[in-house]
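Chains as they are written, first to last, in the numbering used here: chain A, 125 to 551; chain B, 31 to 142.
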């Protein structure tokens, strides 16, 4: 089973229908007045975090104190971190600030992203006749394909994420003489926590913890404004830094025929068209679940479009060659095939699924079809599916319930009329 | 069909043949009755109409051949690709037709 990163703070949830309506995979139900996330359907895309007015949804991350139990601490910041300060503040300065928070070393995920860009170019050249290929850098997208578009799994570029590659390089760089080495991802993302806890497509993650940008941003901004001396730490160029926003990854490629799409509902419509064979003119498809790309992640504080423009301004930054000893294409390939976990399927047994579908259609016909959400499911169809799967009872629909009560009342009135008259004392 | 766990390709093929056959029936026969059987091994679509019938089935199967009315063409239909498209996207296509009586089209899409 999938262990999702997005969690509910029960005390804060008021049981409204905002999140169930906005979840792209219909993974949330309100039951007993509280939102309940169905793990197998959750993408960790963070939509419910954004839409919850009670702030009752969070993405799990680690507190910075997690680093305490390590001898040598390495921070690997996501490119989107550079969106927290105006572009005249150098990436060197932001990284220096990060070091001052208690890290012994920093290694930019942006550098690893540059390596992935190079490898992606090679991959596209090698597979010239196939495609279009889908980027694997957004974990919510990879999971979306797994659960909803399993027929597209073979079109995902089978590479580990820049985070994972950065962790491997950083660990190697630390050597064996530093004691217990801890690698911590400085993250904008709701899905990374799950990616390191249950990687499906490689053995074990080299990341020891995920620290949310939101949890360190204020401290970091204070350090940036302080009189600390800037160290030369940045190696990534604007190409790698650009990955922090939508279009960065696609634009870094040498290939023609690239397309970038952000926002989970836009992605779903694109993948539907791709699955239906309507889109084949592209070579590479960059998909980012969050608005604006990683800068719009739920663990960021800066307005995504402000951060996006800052990252854009950093495009001209020059970097140094990081790819000297960073291995071959095979080093970043997934070692295992990505499994399909189609949640749409009603049952593994086809005949049973048929029977369930037949029942589902009958139930759906008896429902009002207005998707009001009062039953706790996002739509009448989802509710009918819940009943068929044994997760709900039909009387949770207030319209059905009202009809039943009316019928019952009618019957009672009729019953009253046929009472033996001699028991009626008044007349 | 997605909820039955069928592969996206099967869903797509079925949607195409269903659409083309339906349009054909509406354009040439003014409507009819469709029965769809979803079986464990295949999907069988049977379209029955009481329309004018097809005088030369071989000719009707040719790509580009069409007897659609100008009105249908104005709407963008009747390019003569319906039957070839059905053949391309199905595993079996059988047409029985009597001029003046009607046509029965049986289409089979295999699931494996």
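Each residue gets a CB set at the ideal place from its N, CA and C atoms; glycine is no exception.
For residue 275(A), the C-beta contacts it makes with chain B under 8 Å involve 37, 38, 39, in order along the chain. Assignment of alpha helix (DSSP H) within the segment 451-504 of chain A, counting only whole runs of 4 or more residues, yields 453-456, 474-490 in chain order.
The alpha-carbon of residue 328(A) is positioned some 8 Å away from that of residue 320(A).
9 Å or more divides the Cβ of residue 361(A) from the Cβ of residue 475(A). Within 10 angstroms of the beta-carbon of residue 253(A) lie fewer than 16 other beta-carbons, which makes it exposed.
Cβ neighbours of residue 138(B) within its own chain (closer than 7 Å, five residues either side excluded): 72, 74, 120, 121, 122.
Neighbourhood of residue 399(A) in chain B, by CB distance below 7 Å: 38, in chain order.
According to the DSSP assignment, residue 132(B) belongs to the beta strand (DSSP E) that extends over 132-140. If you look at residue 536(A), you'll find it in the alpha helix (DSSP H) that goes 522-541.
The residue among 418(A), 233(A), 236(A), 177(A) with its C-alpha nearest the C-alpha of residue 169(A) is 418(A).
Taking the CA atoms as reference points, residue 224(A) sits about 8 Å from residue 347(A).
Residues of chain B whose Cβ lies closer than 8 Å to the Cβ of residue 475(A) are, in chain order, 70. Nearest CB-CB separation between residue 489(A) and chain B: not below the 9 Å threshold. Under the three-state reduction of DSSP output, residue 386(A) falls in the strand class. Pairing residue 150(A) with residue 413(A) gives a Cβ-Cβ distance that is not under 9 Å. At least one C-beta of chain B is nearer than 9 Å to the C-beta of residue 469(A). The three-state reading of DSSP puts residue 436(A) in helix, counting H, G and I together. Against chain B, a Cβ distance below 7 Å from residue 481(A) picks out 33, 34. Nearest Cα to residue 508(A) within the set 481(A), 528(A), 539(A), 527(A): 481(A).
Residues of chain B with a Cβ closer than 9 Å to the Cβ of residue 287(A) do not exist; the shortest Cβ-Cβ separation is about 30 Å. By the Cβ-count criterion, residue 325(A) is buried, with 16 or more other Cβ atoms from all chains shown falling within 10 Å of its own Cβ. Neighbours of residue 42(B) in chain A, taken as residues whose beta carbon is under 9 Å from its own, are 399, 400, 401 in chain order. At a cut-off of 9 Å between beta carbons, residue 254(A) makes no contact with chain B. Residue 232(A) is not a Cβ neighbour of residue 331(A), given a cutoff of 9 Å. Comparing C-alpha distances from residue 333(A) to each of 210(A), 483(A), 305(A), 518(A) shows the shortest one belongs to 305(A). Cβ-Cβ separation between residue 99(B) and residue 109(B): approximately 13 Å, too far for a contact (criterion under 8 Å).
Using a Cβ-Cβ distance cut-off of 8 Å, the segment 184-195 of chain A and the segment 156-165 of chain A are not in contact, since fewer than three pairs of beta carbons, one from each stretch, lie closer than that value. Between the alpha carbons of residue 378(A) and residue 93(B) lies a distance of about 40 Å.
The segment 333-344 of chain A makes contact with the segment 421-439 of chain A, as at least three CB pairs between them are under 8 Å.
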